[in-house]
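Chemist: Chains as they are written, first to last, in the numbering used here: chain H, 2 to 481; chain F, 12 to 161.
Glycine included, each C-beta is placed from N, C-alpha and C at the ideal position.
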Amino acid sequence: MKTLNRWLFGEKNQIGRRLIVQIIAFSTMITLLISVVQLAFEYRSLRSAMERELDGIAIYVPTIAGSVWDFDEKQIQRAIDALILLPNLVEVRVIAADTSTKWVSRKAATPNPILRSYPLRYESRGQMSEIGVLEVVSSLDGIYKQLINSALSIVLSNGVKTLLVALFMVVLIRRMLTTRLERLAEKVKALVPGMLPLRQVVETHPQPVPPRLDELEVVEWVLHRTADDLSMAVTALNQLNQSLESRIHERTKELESFSYSVSHDLRTPLRAIDGFSKMLMEDYEDKLDDEGKRMLRVVRTNTDRMGQLIDDILQFSRMGRQDLSLAPVDMERLVRAVFNELQPLVAGRDVRLQVRPLPAVLADAALLRQVLINLLSNAIKFTQPRAQAIIDVTGLVEGAQAAFCVQDNGVGFDMQYVDKLFGVFERLHSTDEFEGTGIGLAIVRQIVVRHGGKVWAEGKLDHGATFHFTLPHVEKNHDK
Amino acid sequence: MTSDTLDNVEVLLVEDTSEDAELTIRTLKRHGLANHMMWVKDGAAALDFLFGTGAYVGRDKTNMPRVILLDLHLPKLSGLEVLRHLKADPLTHQIPVVVLTSSTEESDMRRCYGLGVNSFVSKPVEFEAFVKVVGKMGFYWLLVNKLPGL
Numbered sequence: 002m003k004t005l006n007r008w009l010f011g012e013k014n015q016i017g018r019r020l021i022v023q024i025i026a027f028s029t030m031i032t033l034l035i036s037v038v039q040l041a042f043e044y045r046s047l048r049s050a051m052e053r054e055l056d057g058i059a060i061y062v063p064t065i066a067g068s069v070w071d072f073d074e075k076q077i078q079r080a081i082d083a084l085i086l087l088p089n090l091v092e093v094r095v096i097a098a099d100t101s102t103k104w105v106s107r108k109a110a111t112p113n114p115i116l117r118s119y120p121l122r123y124e125s126r127g128q129m130s131e132i133g134v135l136e137v138v139s140s141l142d143g144i145y146k147q148l149i150n151s152a153l154s155i156v157l158s159n160g161v162k163t164l165l166v167a168l169f170m171v172v173l174i175r176r177m178l179t180t181r182l183e184r185l186a187e188k189v190k191a192l193v194p195g196m197l198p199l200r201q202v203v204e205t206h207p208q209p210v211p212p213r214l215d216e217l218e219v220v221e222w223v224l225h226r227t228a229d230d231l232s233m234a235v236t237a238l239n240q241l242n243q244s245l246e247s248r249i250h251e252r253t254k255e256l257e258s259f260s261y262s263v264s265h266d267l268r269t270p271l272r273a274i275d276g277f278s279k280m281l282m283e284d285y286e287d288k289l290d291d292e293g294k295r296m297l298r299v300v301r302t303n304t305d306r307m308g309q310l311i312d313d314i315l316q317f318s319r320m321g322r323q324d325l326s327l328a329p330v331d332m333e334r335l336v337r338a339v340f341n342e343l344q345p346l347v348a349g350r351d352v353r354l355q356v357r358p359l360p361a362v363l364a365d366a367a368l369l370r371q372v373l374i375n376l377l378s379n380a381i382k383f384t385q386p387r388a389q390a391i392i393d394v395t396g397l398v399e400g401a402q403a404a405f406c407v408q409d410n411g412v413g414f415d416m417q418y419v420d421k422l423f424g425v426f427e428r429l430h431s432t433d434e435f436e437g438t439g440i441g442l443a444i445v446r447q448i449v450v451r452h453g454g455k456v457w458a459e460g461k462l463d464h465g466a467t468f469h470f471t472l473p474h475v476e477k478n479h480d481k
Numbered sequence: 012m013t014s015d016t017l018d019n020v021e022v023l024l025v026e027d028t029s030e031d032a033e034l035t036i037r038t039l040k041r042h043g044l045a046n047h048m049m050w051v052k053d054g055a056a057a058l059d060f061l062f063g064t065g066a067y068v069g070r071d072k073t074n075m076p077r078v079i080l081l082d083l084h085l086p087k088l089s090g091l092e093v094l095r096h097l098k099a100d101p102l103t104h105q106i107p108v109v110v111l112t113s114s115t116e117e118s119d120m121r122r123c124y125g126l127g128v129n130s131f132v133s134k135p136v137e138f139e140a141f142v143k144v145v146g147k148m149g150f151y152w153l154l155v156n157k158l159p160g161l
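Shown next, in the form of structure tokens:
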């Protein structure tokens, strides 16, 4: 029984159980109601059949009346003995009016009798007179018996029908609803421990799922909690965000004051070193020999380099802080403009710039200009040993990004150092070979990354270098 | 300095680094621009000098310098505070103030111009460039620029 119960309803299937019980109760009630109505109709039809039978007895009445007139006792007894054989009749009696003589024929006693009387009339000399009465006692026992039989068969057949339908419903409900609900409830319950870390963030005493909830109530409860949790989590996240923002703000301030002191406090002594070496050279020229003057020049050259380093690191930190003001930029025009600006570096050399059609980008024009200045001046610088330097700028659209490529036929680099290329103050050449502090590509990377792009390089020693970078693409003709 | 020279100051240099001050004075001298020059080492001294208070009681306040060369990074009162005082006081707000600083920060420039500075000059590290910039600056403010009543 228990196994059947489990098979029908499932282990924890409370909704299923309730549904089945209620369906069975309701259909049983309806079945009973219908049966009662059916039985009532049957009773009525049986009763009217009986009445008709009793009405039929009236045809014997004139004959019996004749016999009573003639006082033919034998004939009377024979007639009522015949009548008693009719179904349902239990007693037939004839009572003569004047003498009160009584003839009786009886089958059995009955607890449910119905009495029907027929007056016996006789016409003599044109005058109709009542000479007696025929009384017939009929029993309802037969009808009741028949009704009980019908009731039994109706209840039996309806009961079987209801049971079968209910079973079908059980299977249907279980298949289509409750097993799924059970799974859903299990899954949702499993969510609760998953949410525990979250709840611990926002509340000190996480609640377990209360017992005695049905499947839908569990889902409802958990959903409710989840909504609460989410709103708490959002609040907590917002608070975290705010504290992060204020921390960033603080850090930015720190950085600003740091770069301020770099710009101010490091320059001041440097200016004194440079200025006083120069003054020494000017004021004590006659007292210094050539070696002394050379040494002072070394002091000044290095002061100069130090000054350049300070300027570069300042520029680098400034690029990182400056707000981006994004607008569509015509790359072709910008590349040509920057190359023209860099003409002083080209002076006396054969440097050819090839600009292919370039996609437009959404960028901060001033910062992008700096990217191109650094890349093109690098290309110009590292092609110095070439009789004819060729710088090739190409670009194409890749989805939402525009990818660009600046290629030169310069001295290139060894791919084993490619990771160092974009580092701050990283250099692959000595200052004697090529000038520079090593900040240019670091700034390029910083600017490109701040635009959401990527930058990378390929090269081969003595076979040129190629710098790739991507920026958000924008359709042309948007600018001006 | 005698009280007579105190009243004839044409250039007031506010600079806490003596090396920087020496370089500036030498440069202006070389251009023949530092004949009547006064050097103070902090912001409080600069205000005392201009308003005739503290160590400078009795100075003739009707004689104001033609230009004030102001460093930003100063002990006691910072350059910005001095600038705010000068531009807020009717006695001094007409005196041209040139901020002469090592800073190249845009935020410094914004703050100075917001307070009404007349010029913002970044001191180059390299000496030749320094001489060029400070010389031009002195030449402009002392010889080219016209002031009312002088």
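For chain F, check one thing: does any of its Cβ atoms lie closer than 7 angstroms to the Cβ of residue 469 of chain H?
Modeler: Taking the first sequence and counting its residues from 1, one reaches residue 469 of chain H at position 468. Chain F, which has no Cβ nearer than 7 angstroms to the Cβ of residue 469 of chain H, makes this no.
Chemist: Which class does residue 14 of chain F belong to by DSSP, given the choice of helix, strand or coil?
Modeler: As a first step, residue 14 of chain F is located in the second sequence; it is residue number 3 there, counting from the start. Note on residue 14 of chain F: pLDDT 44, under 50, position unreliable in the model; no value is reported.
Chemist: Could you tell me which residues DSSP pairs with residue 330 of chain H in its beta bridges?
Modeler: Your numbering for residue 330 of chain H matches position 329 in the first sequence. Answer is H:362, bridged to residue 330 of chain H.
Chemist: Could you name the residues of chain F that residue 265 of chain H contacts, counting a contact when the two beta carbons are closer than 8 angstroms?
Modeler: As a first step, residue 265 of chain H must be located in the first sequence, where it is residue number 264. Neighbours of residue 265 of chain H on chain F, chain order: 83, 84, 112, 113, 114.
Chemist: So, are the CB atoms of residue 380 of chain H and residue 391 of chain H less than 7 angstroms apart?
Modeler: As a working note, residue 380 of chain H is residue 379 in the first sequence. As a working note, residue 391 of chain H is residue 390 in the first sequence. Their beta carbons are not under 7 angstroms apart, which means residue 380 of chain H does not touch residue 391 of chain H by this criterion.
Chemist: So if I threshold CB-CB distances at 8 angstroms, which residues from the region 131–149 of chain F count as touching chain H?
Modeler: Listed in sequence order: 134, 135, 136, 137, 138, 139, 141.
Chemist: Are there three or more Cβ pairs, one per stretch, closer than 8 angstroms when the region 350–369 of chain H is compared with the region 327–334 of chain H?
Modeler: Touching, yes, given that three or more Cβ pairs across the two stretches are closer than 8 angstroms.
Chemist: For a contact defined as C-beta to C-beta under 8 angstroms, what are the partners of residue 259 of chain H on chain F?
Modeler: The count along the first sequence starts at 1 and reaches residue 259 of chain H at position 258. Residues of chain F passing the Cβ test: none, with the nearest at roughly 12 angstroms.
Chemist: Please identify the residue among F:69, F:61, F:139, F:74 whose C-alpha is closest to the C-alpha of residue 38 of chain F.
Modeler: Taking the first residue of the second sequence as 1, we reach residue 38 of chain F at position 27. Of the listed residues, the one whose Cα sits closest to residue 38 of chain F is F:139.
Chemist: Taking 7 angstroms as the CB-CB limit, is residue 34 of chain F close to chain H?
Modeler: By 1-based counting over the second sequence, the position of residue 34 of chain F is 23. Interface residue, yes.
Chemist: How about residue 413 of chain H and residue 460 of chain H: are their beta carbons less than 7 angstroms apart?
Modeler: Your numbering for residue 413 of chain H matches position 412 in the first sequence. Your numbering for residue 460 of chain H matches position 459 in the first sequence. The answer is yes: Cβ separation under 7 angstroms.
Chemist: Starting from the beta carbon of residue 277 of chain H, find every residue of chain F whose beta carbon is closer than 9 angstroms, and list them in chain order.
Modeler: As a first step, residue 277 of chain H is located in the first sequence; it is residue number 276 there, counting from the start. The contacting residues are 30, 33, 34, 138.
Chemist: Note down, in chain order, each residue of its chain lying with its Cβ closer than 6 angstroms to the Cβ of residue 107 of chain H, except the 5 sequence neighbours on either side.
Modeler: Position 106 of the first sequence, counting from 1, holds the residue named residue 107 of chain H. Once the five neighbours on either side are set aside, the close Cβ partners of residue 107 of chain H are 92.
Chemist: Please work out which residues of its chain come closer than 7 angstroms, Cβ to Cβ, to residue 106 of chain F, disregarding the five sequence neighbours upstream and downstream, and give them in chain order.
Modeler: What you label residue 106 of chain F is simply residue 95 of the second sequence in a count that begins at 1. If we look at residue 106 of chain F and ignore the five residues flanking it on each side, its Cβ neighbours are 75, 76, 79, 97.
Chemist: Give a yes or no on whether the C-beta atoms belonging to residue 108 of chain F and residue 129 of chain F are separated by under 7 angstroms.
Modeler: The sequence position of residue 108 of chain F within the second sequence is 97, counting from 1. The sequence position of residue 129 of chain F within the second sequence is 118, counting from 1. Yes, Cβ-Cβ distance for residue 108 of chain F and residue 129 of chain F is below 7 angstroms.
Chemist: Give a yes or no on contact between the region 51–65 of chain H and the region 74–90 of chain H, applying the rule of three or more CB pairs nearer than 8 angstroms.
Modeler: The region 51–65 of chain H vs the region 74–90 of chain H: in contact.
Chemist: Expressed to the nearest angstrom, what Euclidean distance is found between the alpha-carbon atoms of residue 482 of chain H and residue 451 of chain H?
Modeler: In the structure as shown, chain H starts at 2 and stops at 481, and residue 482 of chain H therefore has no counterpart that could be examined.
Chemist: Compare the C-beta of residue 322 of chain H against all C-beta atoms of chain F and say whether one is closer than 7 angstroms.
Modeler: What you label residue 322 of chain H is simply residue 321 of the first sequence in a count that begins at 1. Cβ-Cβ to chain F under 7 angstroms: no for residue 322 of chain H.
Chemist: Let me see if you follow: with CB-CB separation under 7 angstroms, is residue 460 of chain H close to chain F or not?
Modeler: One-based indexing of the first sequence puts residue 460 of chain H at position 459. Cβ-Cβ to chain F under 7 angstroms: no for residue 460 of chain H.
Chemist: For residue 308 of chain H, return the contacting residues in chain F, with the cut-off set at a CB-CB distance below 9 angstroms.
Modeler: Numbered from its first residue, the first sequence carries residue 308 of chain H at position 307. Simply 135, 136, 137.
Chemist: Looking at the C-beta of residue 228 of chain H, does it have a partner C-beta in chain F at a distance below 7 angstroms?
Modeler: Within the first sequence, residue 228 of chain H is the residue found at index 227, counting from 1. Chain F contact via Cβ: absent.
Chemist: Does the distance from the CB of residue 336 of chain H to the CB of residue 448 of chain H come in under 7 angstroms?
Modeler: Position 335 of the first sequence holds residue 336 of chain H. Position 447 of the first sequence holds residue 448 of chain H. No, these two residues do not count as a Cβ contact at 7 angstroms.
Chemist: Note down the Cα distance separating residue 174 of chain H from residue 19 of chain H, rounded to an integer number of angstroms.
Modeler: Numbered from 1 along the first sequence, position 173 holds the residue referred to as residue 174 of chain H. Numbered from 1 along the first sequence, position 18 holds the residue referred to as residue 19 of chain H. Rounded to the nearest angstrom, the two C-alpha atoms are 11 angstroms apart.
Chemist: Helix, strand or coil: which one does DSSP assign to residue 393 of chain H?
Modeler: Residue 393 of chain H sits at position 392 when you count from the first residue of the first sequence. Reduced to three states, the DSSP call for residue 393 of chain H is strand.
Chemist: Buried or exposed for residue 408 of chain H, please, with buried defined as at least 16 other CB atoms from any protein chain shown within 10 angstroms of its CB.
Modeler: To locate residue 408 of chain H, count along the first sequence from 1; it is residue 407. It is buried - the Cβ of residue 408 of chain H has at least 16 other Cβ atoms within 10 Å.
Chemist: My parser needs the beta strand (DSSP E) runs of 3 or more residues fully inside the region 54–89 of chain F; what are they?
Modeler: Fully enclosed beta strand (DSSP E) runs of 3 or longer: 78–81.
Chemist: Alpha carbon to alpha carbon, how far is residue 307 of chain H from residue 411 of chain H?
Modeler: Against the first sequence, residue 307 of chain H aligns to sequence position 306. Against the first sequence, residue 411 of chain H aligns to sequence position 410. Looking at the two C-alpha atoms, the distance is approximately 28 angstroms.
Chemist: Taking only beta-carbon positions, decide if residue 305 of chain H is within less than 7 angstroms of chain F.
Modeler: Within the first sequence, numbered from 1, the residue matching residue 305 of chain H stands at position 304. Closer than 7 angstroms to some Cβ of chain F, the Cβ of residue 305 of chain H qualifies, so yes.
Chemist: Could you please give the first and the last residue of the uninterrupted alpha helix (DSSP H) stretch that includes residue 103 of chain H?
Modeler: The sequence position of residue 103 of chain H within the first sequence is 102, counting from 1. Counting along the chain, residue 103 of chain H falls outside any alpha helix (DSSP H), though it belongs to the beta strand (DSSP E) covering 103–107.
Chemist: Among residues of its own chain, excluding the 5 on either side of residue 415 of chain H, which ones have a beta-carbon nearer than 7 angstroms to its beta-carbon?
Modeler: Locating residue 415 of chain H in the first sequence gives position 414, counting from the first residue. These residues qualify, in order along the chain: 462.
Chemist: Below 8 angstroms on the Cβ atoms is my contact criterion, and I expect residue 134 of chain F with residue 113 of chain F to pass it. Report the Cβ-Cβ distance as a whole number of Å.
Modeler: As a first step, residue 134 of chain F must be located in the second sequence, where it is residue number 123. As a first step, residue 113 of chain F must be located in the second sequence, where it is residue number 102. With a Cβ gap of about 5 angstroms, residue 134 of chain F and residue 113 of chain F count as contacting.
Chemist: By DSSP, does residue 469 of chain H sit in helix, in strand, or in coil?
Modeler: Indexing the first sequence from 1 puts residue 469 of chain H at position 468. Looking at residue 469 of chain H - three-state DSSP - the assignment turns out to be strand.
Chemist: If we count the other Cβ atoms within 10 Å of its Cβ and call it buried at 16 or more, is residue 60 of chain H buried or exposed?
Modeler: Taking the first residue of the first sequence as 1, we reach residue 60 of chain H at position 59. Under this definition residue 60 of chain H is an exposed residue.
Chemist: Output the distance between the C-alpha atoms of residue 65 of chain F and residue 48 of chain F, rounded to the nearest integer angstrom.
Modeler: Against the second sequence, residue 65 of chain F aligns to sequence position 54. Against the second sequence, residue 48 of chain F aligns to sequence position 37. Their Cα atoms are separated by approximately 20 angstroms.
Chemist: So, does the CB of residue 297 of chain H fall closer than 7 angstroms to a CB anywhere in chain F?
Modeler: To locate residue 297 of chain H, count along the first sequence from 1; it is residue 296. No - not a single Cβ of chain F is within 7 angstroms of the one on residue 297 of chain H.
Chemist: State yes or no: is the C-beta of residue 135 of chain H within less than 7 angstroms of the C-beta of residue 119 of chain H?
Modeler: Counting from 1 along the first sequence, the entry for residue 135 of chain H is found at position 134. Counting from 1 along the first sequence, the entry for residue 119 of chain H is found at position 118. Yes, the Cβ-Cβ distance between residue 135 of chain H and residue 119 of chain H is below 7 angstroms.
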